[in-house]
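Report on one structure; see the data block that follows.
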Amino acid sequence: MLSSYEKIEQDPNYQELVRRRSSLGWTLSLIMLIIYFGFILLVAYAPKLLGTPIGTGVITIGIPIGLLVIVSAFLLTGIYVSKANSNYDPLIRKIVGANQS
Amino acid sequence: MRKLSCLLVTSLVCFPTFALAAGTIDGGSKQAVNWAAIGMFIGFVLLTLAITYWASKRTVSAADFYSAGGGITAGQNGLAIAGDYMSAASFLGISGLVYTSGYDGLIYSVGWLVGWPVVTFLIAEQLRNLGKFTFADVASFRLGQTRIRVLAACGSLVTVAFYLIAQMVGAGKLIQLLFGLEYWMAVILVGGLMMIYVTFGGMKATTWVQIIKAVLLLFGATFMAGAVLYEFGFSPEALFAKATEVHPKKIAIMEPGSLISNPLSAISLGLALMFGTAGLPHILMRFFTVKDAQAARKSVFYATGFIGYFYILTFIIGFGAITLVSTDLAFLDAGILEKTKSGIAAIKGGSNMAAIHLADAVGGNLFLGFISAVAFATILAVVSGLALAGASSISHDIYAMVIKGGNADEQDEVRVSKIATLFLGVLAIILGIIFENQNVAFMVGLAFAIAASCNFPVLVMSIFWKGLTTRGALIGGFLGLTSAVIGVILSPAVWEVTLGFAKGSAPVRLDNPAIFSMTLAFVGIWLFSILDRSARAKVDRDGFDAQFVRSQTGIGAAGATAH
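Chains as they are written, first to last, in the numbering used here: chain X, 24 to 124; chain U, 806 to 1368.
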């Protein structure tokens, strides 16, 4: 039998899980939004800035910036997943364990 | 012959004016019959049919059919998600966009990718913990079942329908070009294989078709990008220098061009791409195929990696095509070259063929055949995922939960989903043929706008906001759905290009309506929820706490079935 959700809500492990996961999830979402819309606004308002060549070559700073947005999406996802695997899953196991009888 | 603007490339939709300029496929220039391509394609079809046969022996219960019994691993699901998402449109369309405009293609790739982190942070685990087969399971978890299921099914089916038509028309055109097959035969072939995979093999067969396709596509794209870099001694600088030298736009291909003219339009499109991804029913459905929330989370991480890597490759492939295809007379149409003096404009078959010609340039006929077969496999994998999502909406949400009130016999439910698949397949074939000569480029953009404006707001609010009520979700969701559809009809892409009204007469000056349709949906959901004083509203709000505990911990979540 599982105990009721009210009991789980009182579990300090549960409260910690919700606090940590929510703050990380929303923070990372916000970071992704800022990075992406920052990029879009650069494209919209400062295309010439992105067209500035790096050094003497033809590669412009827009190329690494665009690639960095792609890489950042992957890295942010990686940060979340590694945090969740190492911190949240043990908490979830404790909560499940404590509320099973 | 009428120009078939930018078809296969449904993904270009979102910047219709640009897409029109970029991606014309000239239906007149069919490729010569390529036996290597046909051989490899037949090999792929036989392999997938064998897998379908294998899967059909193991698809008995409803859980097997909808979610492969929850028995897919995180790694497999990551590949399958990537296979579901990387359409022929993104492969050929984005490399074609880079071919004609350089940097602008990268802006696209970025937009298609950034929705994935949001899916990971806010949706994937909660979805797995709360739902069973469709995202409507989650949206209706504590709300009025009937009404929310109908809303979610409408959102799903409309999204799936537009996406599917766009893929079918694109598939017909592409296969016509690659294999020299008649358009209607190509559409029937795609629709027929899709029906076989889904009806007999359900989610298991669909998943494996997507996995195989993802592996083939990633391998093919890696080989091509590697071959291009090899030509330039692995120096990106040398590649870009040569590209700016031979491209008529010269150095301008290294910076944003005409793609984004209106900042508001750019932001609106950005919203649709980012949040649309988190509302696509065929993608959301994939999270139910793994055993738990942890696997769901990991699978999006893998998928994000595969998809991001793939988009970086398409950028290299596009630049490779500028240097190796636009300079080689074998790939150019002499007549157009005479007129325009531009190798970019003169490419045989239109810019969407850039990656295909590049395969020939770097790998000869055999590799050309391989890439052509991969492009076909890609279409099959995507339409199968769509058909399964549409069929699930009909059988699970409408038939089992609404009509039978949750008491449907399991075997009846599976039978209904198979019938629904056949119905959707026939419908897709008919619509694919009807829309042959129409400009369907706006349809994927519309699908993303609807997903972002109806499916996503209802889903995310139901997971996170205690105040949400059935009435609020229903009104807000339908406001988002209808305003997205109306916004697209009144946009330049449909009003001027498809409906043929005068240029500049479109009432809405946005290529994608997401900025106002999403706002309308969220405001509608919020307003009609807080004003809701009905008895049902109390039940809705009271149900939140228990739902939230389950969404966080997975206690009570649907488990994997035994194997």
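All C-beta atoms in this analysis are idealised placements derived from N, C-alpha and C, irrespective of residue type, glycine included. Since the model is a prediction, treat every value here as computed from it, not as a measurement.
Touch check for the region 1183–1201 of chain U and the region 1038–1051 of chain U: three-plus C-beta pairs under 8 Å? Because the criterion of three Cβ pairs below 8 Å is not met, the region 1183–1201 of chain U and the region 1038–1051 of chain U do not touch.
Cross-strand partners of residue 1262(U) (DSSP beta bridge): Here the question's residue 1262(U) lines up with position 457 in the second sequence. None, per the DSSP bridge assignment.
Excluding the five sequence neighbours on either side, which residues of its own chain have a C-beta within less than 7 Å of the C-beta of residue 1313(U), listed in chain order? Position 508 of the second sequence holds residue 1313(U). So the list reads 1292, 1295, 1296, once near-sequence residues are dropped.
Rounded to whole angstroms, what is the Cα-Cα separation between residue 1107(U) and residue 1306(U)? In the second sequence, the residue the question calls residue 1107(U) occupies position 302. In the second sequence, the residue the question calls residue 1306(U) occupies position 501. For residue 1107(U) and residue 1306(U), the distance between alpha carbons rounds to 45 Å.
Specify, as a first and last residue, the run of the alpha helix (DSSP H) that residue 889(U) falls within. One-based indexing of the second sequence puts residue 889(U) at position 84. Element bounds for residue 889(U): 879–890.
Integer-rounded CB distance, given that residue 1258(U) should sit under 8 Å from residue 1289(U): Within the second sequence, numbered from 1, the residue matching residue 1289(U) stands at position 484. Within the second sequence, numbered from 1, the residue matching residue 1258(U) stands at position 453. Going by Cβ atoms, the distance from residue 1289(U) to residue 1258(U) rounds to 4 Å, so yes, they are a contact pair.
Mind checking the region 70–101 of chain X against chain U and listing, in chain order, the residues whose C-beta falls within less than 8 Å of any C-beta there? For chain U, the residues of the region 70–101 of chain X that bring a beta carbon within less than 8 Å of one of its beta carbons are 70, 71, 73, 74, 76, 80, 81, 82, 83, 85, 86, 89, 90, 92, 93, 94, 96, 97, 99, 100, 101, in chain order.
Evaluate contact between the region 999–1008 of chain U and the region 848–864 of chain U, counting only Cβ atoms and requiring at least three cross-stretch pairs below 8 Å. The answer is yes - the region 848–864 of chain U touches the region 999–1008 of chain U, with three or more Cβ pairs under 8 Å.
Taking C-beta to C-beta, are residue 943(U) and residue 956(U) nearer than 9 Å? Position 138 of the second sequence, counting from 1, holds the residue named residue 943(U). Position 151 of the second sequence, counting from 1, holds the residue named residue 956(U). No, the pair does not count as a contact, with Cβ atoms beyond the cut-off.
Please tell me whether residue 1372(U) has its Cβ less than 9 Å away from any Cβ of chain X. The question about residue 1372(U) has no answer here: the residues shown for chain U are numbered 806 through 1368.
Cβ neighbour criterion (16 or more within 10 Å) applied to residue 36(X): Sequence index remark: in the first sequence, residue 36(X) carries index 13 (1-based). When all chains shown are included, residue 36(X) counts as buried.
CB-CB under 6 Å to residue 853(U), same chain, minus the five flanking residues each way: which ones, in chain order? To locate residue 853(U), count along the second sequence from 1; it is residue 48. In its chain, beyond the 5 residues on either side, 1014 have a beta carbon closer than 6 Å to the beta carbon of residue 853(U).
is_contact[residue 122(X), chain U] using C-beta, thresh 9 Å: Here residue 122(X) corresponds to residue number 99 of the first sequence, with the count starting at 1. Chain U contact via Cβ: present.
Excluding the 5 residues preceding and the 5 following residue 1055(U) in the sequence, name in chain order all residues of the same chain whose CB lies nearer than 8 Å to its CB. Sequence index remark: in the second sequence, residue 1055(U) carries index 250 (1-based). So the list reads 1049, once near-sequence residues are dropped.
Determine the chain X residues that contact residue 1099(U) at a beta-carbon separation under 8 Å, and present them in chain order. Here the question's residue 1099(U) lines up with position 294 in the second sequence. Result: 107, 108, 112.
Chain U within 9 Å of residue 31(X), Cβ atoms only: Working through the first sequence from its first residue, we reach residue 31(X) at position 8. Closer than 9 Å: yes.
Where DSSP assigns a beta bridge to residue 781(U), which residues make up the other side? There is simply no residue 781(U) to check, as chain U begins at 806 and stops at 1368 in what is shown.
Indicate the three-state DSSP secondary structure (helix, strand or coil) for residue 1105(U) in the structure shown. In the second sequence, the residue the question calls residue 1105(U) occupies position 300. The answer is helix: DSSP assigns residue 1105(U) an H, G or I state.
What in chain U is Cβ-close to residue 48(X), meaning under 8 Å? Translated into positions along the first sequence, residue 48(X) becomes position 25. Correct list: 926, 927.
Could you pull the DSSP bridge partners for residue 83(X) from this structure? One-based indexing of the first sequence puts residue 83(X) at position 60. Per DSSP, 76(X).
Just the Cα atoms here: how many angstroms apart are residue 1337(U) and residue 1331(U)? Taking the second sequence and counting its residues from 1, the one referred to as residue 1337(U) is at position 532. Taking the second sequence and counting its residues from 1, the one referred to as residue 1331(U) is at position 526. The straight-line gap from Cα to Cα measures roughly 10 Å.
Along chain X, in chain order, which residues have C-beta atoms closer than 9 Å to that of residue 1350(U)? One-based indexing of the second sequence puts residue 1350(U) at position 545. Chain X residues near residue 1350(U): 28, 29, 32.
Please tell me whether residue 1029(U) and residue 1167(U) are closer than 9 Å, where the distance is taken between their beta carbons. As a position in the second sequence, residue 1029(U) is number 224, starting the count at 1. As a position in the second sequence, residue 1167(U) is number 362, starting the count at 1. Yes, they are a contact pair.
Could you name the residues of chain X that residue 911(U) contacts, counting a contact when the two beta carbons are closer than 7 Å? Along the second sequence, one-based indexing puts residue 911(U) at 106. What residue 911(U) touches in chain X: 89.
Is it the case that the Cβ atoms of residue 924(U) and residue 1141(U) are separated by a distance below 9 Å? Numbered from 1 along the second sequence, position 119 holds the residue referred to as residue 924(U). Numbered from 1 along the second sequence, position 336 holds the residue referred to as residue 1141(U). No, they are not a contact pair.
Helix, strand or coil at residue 1299(U) according to DSSP, with G and I counted as helix: For the purposes of this step, residue 1299(U) is taken as the residue at position 494 of the second sequence. Three-state DSSP puts residue 1299(U) in a helix.
For the region 1253–1269 of chain U, list every residue whose C-beta sits within 7 Å of some C-beta in chain X, in sequence order. Of all residues in the region 1253–1269 of chain U, none has a C-beta nearer than 7 Å to a C-beta of chain X.
If you follow the alpha helix (DSSP H) that residue 758(U) is part of, which residue opens it and which one closes it? Missing from the structure shown is residue 758(U); chain U here goes from 806 to 1368 and no further.
Determine whether the Cβ of residue 57(X) lies closer than 9 Å to any Cβ atom of chain U. Along the first sequence, read from residue 1 onward, the residue named residue 57(X) stands at position 34. Not one chain U Cβ lies under 9 Å of residue 57(X).
Would you list the residues sitting across from residue 995(U) in a DSSP beta bridge? Numbered from its first residue, the second sequence carries residue 995(U) at position 190. For residue 995(U), DSSP assigns no beta-bridge partner whatsoever.
8 Å CB neighbourhood of residue 118(X) in its chain, flanking five on each side removed: Locating residue 118(X) in the first sequence gives position 95, counting from the first residue. 31, 34, 36, 37, 40, listed in sequence order.
Chain-order list of residues whose beta-carbon lies under 7 Å from that of residue 1159(U) (same chain, five-residue window excluded): To locate residue 1159(U), count along the second sequence from 1; it is residue 354. Leaving aside the five residues that flank residue 1159(U) on each side, the residues in its chain whose CB is nearer than 7 Å to its CB run, in chain order, 900, 901, 904, 1123, 1126, 1130, 1152.
Using a Cβ-Cβ distance under 9 Å, would residue 1106(U) count as near chain X? Numbered from 1 along the second sequence, position 301 holds the residue referred to as residue 1106(U). Cβ-Cβ to chain X under 9 Å: yes for residue 1106(U).
So, using beta-carbon positions, are residue 1255(U) and residue 964(U) closer together than 9 Å? In the second sequence, the residue the question calls residue 1255(U) occupies position 450. In the second sequence, the residue the question calls residue 964(U) occupies position 159. Yes, Cβ-Cβ distance for residue 1255(U) and residue 964(U) is below 9 Å.
Along chain X, which residues have their Cβ under 7 Å away from the Cβ of residue 908(U)? Numbered from its first residue, the second sequence carries residue 908(U) at position 103. Within 7 Å Cβ-Cβ: 85.
Let me know the alpha helix (DSSP H) ranges lying completely inside the region 973–1047 of chain U, each 4 residues or longer, listed in chain order. Listed in chain order, they are 988–1036.
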